[in-house]
Each structure stands twice: as structure tokens, then as C-alpha cells.
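Sequential numbering from -16 applies to the sequence shown in our numbering.
Glycine included, each C-beta is placed from N, C-alpha and C at the ideal position.
A quick note: this is a predicted structure, and the numbers were derived from the prediction, not measured.
To keep things clear, I will list the structure first and then write my remarks on it.
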Amino acid sequence: MGLAFIRPKPVVTAPAQTPAPPRPLKPVLKLDGTENRIEANFILPPTFLNSWDRNQVMFGCEVETGGKRVLASALSPELSFSCSEIDLGALEGLRAYAGGRLPGMLTLSRDQFLEVLALLVQHPRITLGRTTPVAVKADGIKPRLRVEELPDRRLKLTAERSGEARTLLLGTSSAWRWAENQFQPVARGLPAAYFPLLLEPVILAADQSEGFVLRELPSLAAFFEIEGHVGIKPSEPGKPEIFGTFEGSLNHLTAKLQFLYGKRMVTFGATPVTETFVYEIDSKNYSRNTGFEQNTAGVLREAGFQGPSAIGDFVLQGQNQILRFFAVVLPELQKKWKVSIGSRFQNVTQRLERITPKLDVVGSGQDWFELSYSLESERGDRFSGSDIQRLLQVGQGFTKLRDGTLAVFDSAKLEEFRDIIQDCYPTQLQPGRYRISRAQAGFIDGAARDLGATIGATTEWRQWTESQQQLKPLQSLPLGALETVLRPYQKEGVYWLHFLAENRLGGILADEMGLGKTVQTLAFLRSVSGTSLIVCPASLLFNWRREAARFVPELKLLTLEGADRHSRFEEISQHNLVLTSYPLLRRDSALYRELHFGAVVLDEATHIKNPDTQNAQAAMALRANHRFVLTGTPVENSVRDLWSIMNFALPGYLGDRDEFRERYELPISRGSQPERERLAKRLRPVMLRRLKREVARDLPEKIEQIAFCDLTAEQRELYAKLQREGRQKVETLASEKKSGAARVAMLTVLLRLRQACGDLRLLGETPENRSGKLDLLMELIEEAMDGGHRMLVFSQFVSMLRLIQEELKNEGVN
-16 MGLAFIRPKP VVTAPAQTPA PPRPLKPVLK LDGTENRIEA NFILPPTFLN
34 SWDRNQVMFG CEVETGGKRV LASALSPELS FSCSEIDLGA LEGLRAYAGG
84 RLPGMLTLSR DQFLEVLALL VQHPRITLGR TTPVAVKADG IKPRLRVEEL
134 PDRRLKLTAE RSGEARTLLL GTSSAWRWAE NQFQPVARGL PAAYFPLLLE
184 PVILAADQSE GFVLRELPSL AAFFEIEGHV GIKPSEPGKP EIFGTFEGSL
234 NHLTAKLQFL YGKRMVTFGA TPVTETFVYE IDSKNYSRNT GFEQNTAGVL
284 REAGFQGPSA IGDFVLQGQN QILRFFAVVL PELQKKWKVS IGSRFQNVTQ
334 RLERITPKLD VVGSGQDWFE LSYSLESERG DRFSGSDIQR LLQVGQGFTK
384 LRDGTLAVFD SAKLEEFRDI IQDCYPTQLQ PGRYRISRAQ AGFIDGAARD
434 LGATIGATTE WRQWTESQQQ LKPLQSLPLG ALETVLRPYQ KEGVYWLHFL
484 AENRLGGILA DEMGLGKTVQ TLAFLRSVSG TSLIVCPASL LFNWRREAAR
534 FVPELKLLTL EGADRHSRFE EISQHNLVLT SYPLLRRDSA LYRELHFGAV
584 VLDEATHIKN PDTQNAQAAM ALRANHRFVL TGTPVENSVR DLWSIMNFAL
634 PGYLGDRDEF RERYELPISR GSQPERERLA KRLRPVMLRR LKREVARDLP
684 EKIEQIAFCD LTAEQRELYA KLQREGRQKV ETLASEKKSG AARVAMLTVL
734 LRLRQACGDL RLLGETPENR SGKLDLLMEL IEEAMDGGHR MLVFSQFVSM
784 LRLIQEELKN EGVN
């Protein structure tokens, strides 16, 4: 097209400041640790947009340390400070704007501010002034771009605009949107030549339109949602093959990064990003994916490479850096890229030996296994547990072998694996040898594989861990009449519950709302010997009774509720299923402690999320062979609540409460990603969660579920009174031959009965408790919101919607 048709207007920036002379990077910041702990806080002016318009954005950086909040520039340069990973990245990045020092207050140009904004993505402590929270989002906005072919064959390009024009923060190399106290990248990676599209509609002359449509519009699909039809096939960003070439020595290593799109090769750094093209595979159009290229180049930069140069060369210098690259990064790249090693680098690395973790399962019992942990080189040399400790203490990623060969290893992985073993609360028999609970086997195996460790174990142990991690089909279970009722993913859920029970483990069935956790649980309970107890919110008792009668009518069900429930406890042993609610479990806890169940299932796990509540304590006191929890909420998102839920299902699996807080809750609350990922791995063997989008092929186009609930005692009493009085009135009018009046009276009574079922306040009453229907609705809304869903609520009574709205406000729901 010739970019002259979309030429950006000059951007006025502040005069470049003379860079400060180099200074030592002090104070020193360290990742995590407890010594001189700091937390960073970043402050924008309350009148941010006015500062932006003046091209002078004031930016404050404060830290909390020792219970006080001070400017970061006030930290003593003679000390070292520890902080979270997200704080470390932001603070180190900000040094560039303060001559290598930690800044207190900065005055930034627009471009500098947008660069700083990229350092603060997802940082939890950013404010306008000192009180109004600000979010910097990671996910970008992909605006709609409307392409219209005008009658004279010109093209009109109109980008979607939302909000006022000044909410678009446009720099020379990036664009962000500022709205509702949130920053969000707009058209991330869009070449600056196209920025005018974000400001106003652009019209292209007829003689430029065809070239734009064929050569440039497909590439814009990576940044915009293209709308409109101009006679071409739409394209999507391509997924090129990645080629990495490495050549050099142990002191200087050069890398070249290339991408193959169909038959066209792009060299990163040498091929201009403005060079766009479209290629076809299997009758589909694809375009160059510059965003993918940038992300891939980020892998090299994270490894320490500088560049690229104008000819596309990245450079890594220093023996320690290159040895670490060879030991840690290169093996991962070789799994995903097509890697070529130059002859010089091939020669020098022939004298290097990679050493990796080696695990051997050397013994096992009914509920434990014994693990030997060592390091092994590619040619079979072994390092013992005490050797590993020595290597970690030295802090280097390499060591010399007896024959002079240099052995290289990933010290971060070794430390991570040490943490993984400690997570399992092992009994250390001797250095490098541990006895661990059998429940932890799946976690150990999965974590070891993720870290590239080799595992020596019996076939039986491997089958056990693979089953625990859901890596192989589980043994099926006779389902009787449910064989033709359950969907494939529901059968897998039943088999998973049965597998855990057979191996004396508990777990969490955390399928997304609407996927049938109730029917999966009932199908599983058919196989449990003895009586099983199900505890649920009072509003869900009716649904459990209905589902049990529908799907497992052969199982005898006893519901313990009402004033006479204590007299029915002696009937428990005569039933397969016992059903009660959390409030009644709490009140009858002393009676339940005397009983032993085949299985206990807790529905809606949030009712025991606080271990100090009577609900949680009553649940923990229950005795059973198997314990399971049902929830539609992604429990790993709420770390504080998770320990109590997991401690019911599998006591001790996550350690005691204080250990869990130190090892997971506190680091994750500070933004530490490694602990979050490790916790997710720990949960994988004992939690099953499927989302609707993952099992979509098993689902019908639409799922309709009718949720029933019981009336409260107050509702039942008034309902019976209205029914009795209404019948009398209708019968009286009918006996007086007033058929019209009788019909009107009957309709009025039916209306009032429906209102009584909804909420007694619709009839002007002031009940002591919420209605059964409103209780159930609030349970459903909470589960849907926790699962990230939106809901549309209908009612035939506007006044009922007002009551629901008031209830949601009281619960803090928008």
C-alpha cells in the first residue's frame, strides 16, 4: 500500500535527558528470603490524564519495610533487601530511569511511562494517589477493524473506539487503554506505522486498495478483529516452525533465530517487522505472526542473550552464562525447536557432561515408599545426596569430574526438586534417601518428569502413579442401569473416585457447574460398602433426594432433618445413603462422632473453608473409610481456603496449617509463581476438574436443569393457610352460583400461593429467615461466579427481582 497513506503524526516527546554516569547497582535486591523483606508500592497522580496530556507523568515508588512505608530511594545502599519475584522485576527495571539507583519519585515522558507500565503488568500494589487501586492487565484488547468498500472502490478503515479519545494512551511504539482504573494494551505489537488507525478512520485510494487487501490486511488480523467483506479469504496468524542456530565458544556464543512460514523463511532482527505476507496451506490463508516471533525471541533474552543485531545475531557472553544455557535452556529448546549446533560449539561442548536428577524407588509398604535421590551424568557417573548438598552450597552450575570433564547442571531445578521432596514431609533415613507417604507418589512422579529427572521403579509403581495422575485409563466399574445414562467424562469421574477409594485416598471432584457432580457421586457410592453420608447446604437437600430417587433408586436413602431426626439415628445402619445439612451436622456433631461410615461426601466445599468454624470442626470429626469433597469452584484460586478443604479429604496431605501457610499461602500472596505452580502439581493427583469447553463433544447443545428446594417452616405454614382459606372462599362463591367471581378468586389464590413459594415478603410478611428458593438461588449464583460465569436471572415478579438485587448488594455482588 505504501505506508504514506497511514502516516503517523509526529509525537511530541520531552527532550532526551543526559544519562546519569554509571553507578553501582545498590542496594542489592534478592529474590524471596526473609532478610530485610520489602514490598513495593507504585503511586500515580490522582489527576493522571492531566499529567499524561502535559507529557510529564509523576511516578512514585515506595516500599514497606519494618512496618514503615518509605520512598525506595531512602533504602540504605549498604544493605541487601529481599522481595517477591514480581517486585524484583519491577524495581530492577526502574533502575534504568534513575541512573541505576532505586527511584523515589520520577517524572516520566509518555513513552517512558508506557515502558514502565510494561514492567508493572499484574502487579498487585499500584494506586492513584494512595487509596484508589489500579490494575495493569496482561491480556490485550484486540479492537474491531471495519473494512468498507466504497462505491468508487476506495477502502474505508474504521477501528473500534470505546470511551473518550483521551483514554487511548498512544506512544511511539505501543498503545494502551486507560479506563475504570485499569491499563490494558491495545493491539499489542502493532507496528507504529498503523497507529493512525487507532485515532480516526482512514480512507485508501482505489489504486492502493488491492495491494493493501492482499498484502497488509491479512497481517492486521494479528492485531484487529477484521470485519467486512472485500472479496478476499480471511487469514489468521500463522504458526511457523522455529529454527535456532548456535555457534561459538564457552566465552562467546552467537545465536540466530528463524521462522519458516510455509516456504518463506524470516530471520528475526534482519527481516523488518513491516514486511508482511500471506501464505496458503490446505486452502486456508495465514499471515506472518510477529507477536509469536517476539515471544519466542524472549526465550533467548531470558537466557541472557543480547540483541539481535541488524543481521539477526544474538550474543551471549561469559562462561558461567554459557554453561548455564547449555545445561538448562538448550535441552528445552531442542524439544520444541529445530536446533543446529555449529562445529566450534559442538567441539567445546563434547567436553561437557550434563547431569540430571535420578530417582529410584527402592522399597515400599502398604502406605509408604522409599526413595533414593541422586544425580547421574549422561555416561553414568553418580553423585550422592551429600554431593548434591555440596554442589548447591557452592552455588555454581558446574563441577569438575575426576578425568577433568566439566559436569554442568541446573542448580535451580535441583533446589526446586529439594523443595518438592520437602513438600511431602518425608522421613529422611540418610542423605538422599527418604520414606514418603504413598499418597504423595503421583505428585513426586509428575514433578520429577516435569523437571527432566529419570525414575527407576517397578512396573507396579509406575502404573499406580500414572493412574493417580490420570495419565492412563482407569479400571472401569460396573454401572448397572447408569451405563447408558452417564456421559463418557462422567464415567471417568466415577472410575477416578473409585480408584482413590480403592487405594485409601480421598479427593476433590471439582467439575465446573452443570457437569453432573451429583450423579457421578451417586454412581460411585453404589460401589461403597456400608452406609455413606452426604452433607450439603439445606437448600440442596431436595435436589439430592430427587437425584438419588432418579438415578440410584435401588439405594435406600434416609434424610435426617426436622425435629424428629434424633429418633431416626438408629435407622442409619439399615440404609445405604444418609443425607443431612451443614447446620444439622453441626448441631448433631456428638451423635455423628459415635458412627463410622463407608464414605462421607461434602457438597459445596466452601462451607468448610475456614477450619476454625463449627462446620469444619464437625466435618473433621466424622469417621469414614473414604472422604470426598464436591465443589464447582476452582479451589486452587483461593489458597487460604484450600488447606481446610484438602485436610478433610486427605488429612496431612498438605502438611499442617502453619506449614502450608509458610510454604504456599504467604509466597503465593506475594505473587510467587513457582509456589503456585508447585501447588497446582500437588493437587493434580487428588483433584479432578473438567470444564465445559473441555468436554464439549460429550455435551448436548443445551443443558436444562430444574433445581427443586423445600419451603421453610414459615413458608409451609402460610402456604397451608392460604390454601385452606382460598379453597373455602372459592367453594362459597361457587355454591352461591357466582362462577365469575369464583374464577377470579381462584386466580388470586394461585397468585398468592406462587408468591408464598418465592418469598413471604412478596405478601407483606416479615419472616425471620430467607426463603428456601432465595437460599438456593444464592448458592447457585455463588458457584457460578466462583467458576467465572455470568448469569441472567428471570422472575415473573418484579418485586422478587428487587429482593434478589438487595440480597446481592448485601453479599457484595455487582
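Whether Val612 touches Ala582 by CB criterion (7 Å) = Along the sequence shown, one-based indexing puts residue 612 at 629. Along the sequence shown, one-based indexing puts residue 582 at 599. Cβ atoms of Val612 and Ala582: not closer than 7 Å.
key: Close-in-space but distant-in-sequence residues of the same chain around Ile324 (CB under 6 Å, 5 per side omitted)   = Against the sequence shown, residue 324 aligns to sequence position 341. Closer than 6 Å at the Cβ level, and outside the excluded window around Ile324, lie Phe229.
query = In chain order, which continuous runs of the alpha helix (DSSP H) of length 4 or greater are located wholly inside the stretch 632 to 717?
reply = 640 to 643, 649 to 652, 656 to 666
request  = Compute every distance between the C-beta of Ala690 and the non-hydrogen atoms of the ligand COA, then say whether any falls below 6 Å.
outcome  = With respect to small molecules bound, the structure shown includes none, and the ligand COA cannot be examined in it.
task = Verify whether the separation of the beta carbon atoms of Ser355 and Arg416 is less than 7 Å.
result = The sequence position of residue 355 within the sequence shown is 372, counting from 1. The sequence position of residue 416 within the sequence shown is 433, counting from 1. For Ser355 and Arg416, yes; Cβs fall inside 7 Å.
request  = Whole angstroms is fine: what's the gap from Phe552's alpha carbon to Leu701's?
outcome  = Here the question's residue 552 lines up with position 569 in the sequence shown. Here the question's residue 701 lines up with position 718 in the sequence shown. The straight-line gap from Cα to Cα measures roughly 30 Å.
inquiry  = I want to know whether the stretch 469 to 486 touches the stretch 644 to 655 - three or more CB-CB distances under 8 Å.
reply    = no
query = Under a three-way DSSP split, which group does Gln798 fall into?
reply = Only positions -16 to 797 of the chain appear in the structure, and residue 798 is not among them; the question remains open.
ask   = Counting only runs that start and end within the stretch 43 to 89, where is the beta strand (DSSP E) found for 3 or more residues in a row?
value = 51 to 54, 63 to 66
ask   = For Leu457, which option in Gly741, Ala424, Thr448 has the closest C-alpha, if you only look at C-alpha atoms?
value = By one-based count along the sequence shown, residue 457 stands at place 474. Checking every option, the nearest Cα to that of Leu457 belongs to Thr448.
ask   = Asp428 by DSSP, collapsed to three states: which one?
value = As a working note, residue 428 is residue 445 in the sequence shown. Correct three-state label for Asp428: helix.
Helix, strand or coil at Asn330 according to DSSP, with G and I counted as helix = The sequence position of residue 330 within the sequence shown is 347, counting from 1. Correct three-state label for Asn330: helix.
inquiry  = Tell me the residue span of the beta strand (DSSP E) that contains Ala607.
reply    = Taking the first residue of the sequence shown as 1, we reach residue 607 at position 624. It spans 606 to 613 - the beta strand (DSSP E) in which Ala607 sits, taken as one unbroken run.
ask   = Got a sec, what are the start and stop residues for the beta strand (DSSP E) Ala142 sits in?
value = Residue numbering aside, residue 142 sits at position 159 when the sequence shown is read from its first letter. Unbroken beta strand (DSSP E) run through Ala142: 138 to 142.
key: Leu180 versus Phe206 - alpha carbon distance   = Against the sequence shown, residue 180 aligns to sequence position 197. Against the sequence shown, residue 206 aligns to sequence position 223. Approximately 11 Å between the Cα atoms of the pair.
query = Identify the residues that DSSP records as bridge partners of Trp527: which are they?
reply = Working through the sequence shown from its first residue, we reach residue 527 at position 544. Beta-bridge pairing links Trp527 to no other residue.
Neighbourhood of Thr596 by C-beta, 8 Å cutoff - its chain only, sequence neighbours within 5 removed = Working through the sequence shown from its first residue, we reach residue 596 at position 613. Cβ neighbours of Thr596 beyond the five flanking positions: none.
request  = Would you grab the beta carbon distance between Thr259 and Glu199 for me? Rounded to a whole angstrom, and I think it's under 8 Å.
outcome  = Here residue 259 refers to the residue found at position 276 when the sequence shown is read from its first residue. Here residue 199 refers to the residue found at position 216 when the sequence shown is read from its first residue. Rounded, the Cβ-Cβ distance is 6 Å, consistent with contact.
query = CA-CA distance, Pro174 and Glu47?
reply = Locating residue 174 in the sequence shown gives position 191, where the first residue counts as 1. Locating residue 47 in the sequence shown gives position 64, where the first residue counts as 1. Pro174 and Glu47: Cα-Cα distance of roughly 39 Å.
CA-to-CA distance, Val622 to Arg576, given in whole angstroms = The residue labelled residue 576 in the question sits at position 593 within the sequence shown. The residue labelled residue 622 in the question sits at position 639 within the sequence shown. The straight-line gap from Cα to Cα measures roughly 29 Å.
ask   = How big is the Cα-Cα spacing for Asp265 and Gly245?
value = Here the question's residue 265 lines up with position 282 in the sequence shown. Here the question's residue 245 lines up with position 262 in the sequence shown. Cα-Cα distance, rounded: 11 Å.
message = Quick check: the stretch 153 to 173 against the stretch 80 to 99, are at least 3 beta-carbon pairs closer than 8 Å?
response = yes
task = Go to Ser394, then tell me how far its alpha helix (DSSP H) extends in each direction, as first and last residue.
result = In the sequence shown, the residue the question calls residue 394 occupies position 411. Segment 394 to 406, the alpha helix (DSSP H) holding Ser394.
request  = Could you spell out where the beta strand (DSSP E) holding Thr165 opens and where it closes?
outcome  = Along the sequence shown, one-based indexing puts residue 165 at 182. First, the residue type needs correcting, since residue 165 is Gln and not Thr in the sequence shown. That run of the beta strand (DSSP E) goes 165 to 168.
message = I'd like to know if the stretch 42 to 60 and the stretch 79 to 88 are in contact, where contact means that at least 3 CB-CB pairs between them fall below 8 Å.
response = yes
query = Start and end of the alpha helix (DSSP H) containing Thr501?
reply = On the sequence shown, residue 501 is found 518 positions in, with the first residue counted as 1. Note, Thr501: alpha helix (DSSP H), 500 to 508.
message = In this structure, how does DSSP classify Gln105 when only helix, strand and coil are distinguished?
response = Stepping through the sequence shown from its first residue, residue 105 is reached at position 122. Of the three classes helix, strand and coil, the one that applies to Gln105 here is coil, per DSSP.
ask   = Terminal residues of the continuous alpha helix (DSSP H) containing His481?
value = Taking the sequence shown and counting its residues from 1, the one referred to as residue 481 is at position 498. Run containing His481: 471 to 485, per the alpha helix (DSSP H) assignment.
inquiry  = Please report the distance separating the alpha-carbon of Tyr478 from that of Gly499.
reply    = The residue labelled residue 478 in the question sits at position 495 within the sequence shown. The residue labelled residue 499 in the question sits at position 516 within the sequence shown. If I take the Cα positions, the gap works out to 14 Å.
message = Could you pull the DSSP bridge partners for Asn24 from this structure?
response = Taking the first residue of the sequence shown as position 1, residue 24 is located at position 41. The partner list for Asn24 (beta bridge, DSSP) reads Glu45.
inquiry  = Short of 8 Å in beta carbon distance, which residues of its chain neighbour Ala430, apart from the five on each side in sequence? Order them along the chain.
reply    = For the purposes of this step, residue 430 is identified with residue 447 of the sequence shown, where counting begins at 1. The answer, listed in chain order, is Phe400, Ile403, Arg661, Lys664.
ask   = Using DSSP with H/G/I as helix, E/B as strand and the rest coil, what is Gln304?
value = Mapped onto the sequence shown, residue 304 falls at position 321. The answer is helix: DSSP assigns Gln304 an H, G or I state.
task = Give the range of the alpha helix (DSSP H) segment to which Arg445 is assigned.
result = Locating residue 445 in the sequence shown gives position 462, counting from the first residue. Arg445 -> alpha helix (DSSP H) spans 442 to 451.
query = Hey, Leu335 and Phe309 are a contact pair by Cβ (cut 8 Å); roughly how many whole angstroms apart?
reply = One-based indexing of the sequence shown puts residue 335 at position 352. One-based indexing of the sequence shown puts residue 309 at position 326. About 6 Å separates the two Cβ atoms, so the contact holds.
query = Which residue's Cα is closest to the Cα of Ile689: Gln167, Ser556, Arg529, Ala23?
reply = If you number the sequence shown from 1, residue 689 lands on position 706. Looking at the Cα atoms, Arg529 is the closest of the given residues.
ask   = Taking the Cβ atom as the reference point for each residue, do Leu560 and Ser515 lie within a distance shorter than 7 Å?
value = The sequence position of residue 560 within the sequence shown is 577, counting from 1. The sequence position of residue 515 within the sequence shown is 532, counting from 1. Cβ atoms of Leu560 and Ser515: closer than 7 Å.
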